[in-house]
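To start, the structure itself, in structure tokens.
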């Protein structure tokens, strides 16, 4: 059985812990190329995002509601050992992609087995790869195991905040890489860098230790902090 990848959560935050860059002040606080510069140094072979973040690079509109084609609920994966994979968790098949890759990086969608054949037909027509990671809810450990079978040993978790929260509470984040930008959101109602709606129970919280692994000051006064997490 393949090992699950090392999960490195890489995110950008204002100094008041908010996640939506367009709300930050002052304007222009995020240096050009900041995200790509840091990402290139992480040594990852893929990225994981949630549905809302995935919509940002989808170009389709809507797949047909019906099809006369049928598909087995087996994984439809790209070749193993590629330098990069773009993984998006879209349990119910809400995204019409209109493309099969992003700048040459194949899209791999994590789905529930209950997704309709019409959506799978749309994915095939767009050249989108997919895997199944649960019947009623996404099993993140199953997802990571299947990514390990693609040869991914390190994967970047890029959010959004709810996806990050799900991995955190499952005890599956090995490292947090945080780009702390000298900017402020300054208002209520904006998501923080980690969001989770579950019951608060300190005894069940999976993280038992956090260790500073590295820190670096980047252009524009951005502080890059890297923390290793110990989980139960």
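In the numbering used here, the protein residues as written are 7 to 238.
Glycine is no exception: its CB is placed at the ideal position from the N, C-alpha and C atoms.
Please say whether residue 173 and residue 163 have beta carbons closer to each other than 8 Å? Yes; because the gap between Cβ atoms is below 8 Å, this pair is in contact.
At the level of alpha carbons, what is the spacing between residue 206 and residue 212? If you take the alpha carbons of residue 206 and residue 212, they lie about 12 Å apart.
In chain order, what are the residue ranges of uninterrupted alpha helix (DSSP H) at least 4 long that sit wholly in the segment 69-149? If you keep only unbroken alpha helix (DSSP H) runs of at least 4 residues inside the segment 69-149, you get 123-132.
Over what stretch of residues does the beta strand (DSSP E) that includes residue 232 continue unbroken? That run of the beta strand (DSSP E) goes 229-237.
Kindly indicate the opening and closing residues of the beta strand (DSSP E) around residue 190. Boundaries for residue 190: no beta strand (DSSP E) harbours it, and the DSSP string shows neither H nor E there.
Beta strand (DSSP E) containing residue 57: first to last residue? Following the DSSP letters along the chain, one finds residue 57 in no beta strand (DSSP E) but inside the alpha helix (DSSP H) bounded by residues 57-60.
Within this structure, are the beta carbons of residue 179 and residue 13 separated by less than 8 Å? In terms of Cβ geometry, residue 179 and residue 13 form a close pair [threshold 8 Å].
Measure from the alpha carbon of residue 111 to the alpha carbon of each residue in 92, 97, 126 and 217, then state which is nearest. Answer by Cα proximity: 92.
To the nearest angstrom, how far is it from the Cα of residue 161 to the Cα of residue 86? Distance between the alpha carbons of residue 161 and residue 86 is about 14 Å.
Element boundaries [alpha helix (DSSP H), containing residue 43]: Start and end: 40-45.
If we call anything under 8 Å between Cβ atoms a contact, is residue 165 one with residue 17? Going by C-beta atoms, residue 165 is nearer than 8 Å to residue 17.
Check whether residue 25 and residue 188 have beta carbons under 8 Å apart: The Cβ-Cβ distance between residue 25 and residue 188 does not fall below 8 Å.
My output table needs one value for residue 172: the three-state DSSP class, helix, strand or coil. Helix at residue 172.
Put residue 178 into one of helix, strand or coil per three-state DSSP. The answer is coil: DSSP assigns residue 178 none of H, G, I, E or B.
Residue from 175, 151 and 95 with nearest C-alpha to residue 238: Minimum Cα distance to residue 238 is reached at 175.
From residue 48 to residue 102, what distance separates their C-alpha atoms? Going by C-alpha positions, residue 48 is about 30 Å away from residue 102.
Minimum Cβ-Cβ distance from residue 210 to chain C less than 8 Å: In the structure shown, chain C cannot be found, because there is only a single protein chain.
Measuring alpha carbon to alpha carbon, tell me which of 148, 62, 196 and 231 ends up nearest residue 216. Taking the Cα of residue 216 as reference, the smallest distance to any Cα among 148, 62, 196 and 231 is reached at 231.
Pair every Cβ in the segment 29-37 with every Cβ in the segment 139-153, then say whether three or more of these pairs are closer than 8 Å. Result no; under three Cβ-Cβ pairs closer than 8 Å.
Find the nearest neighbour of residue 171 within the set 71, 198 and 84, judged by alpha-carbon distance. Residue 171 has its Cα closest to that of 198, out of 71, 198 and 84.
Residues in its own chain within less than 6 Å of residue 159 by CB, not counting five upstream and five downstream? Within its own chain, the residues whose Cβ lies closer than 6 Å to the Cβ of residue 159, once the five positions on either side in sequence are excluded, are 11, listed in chain order.
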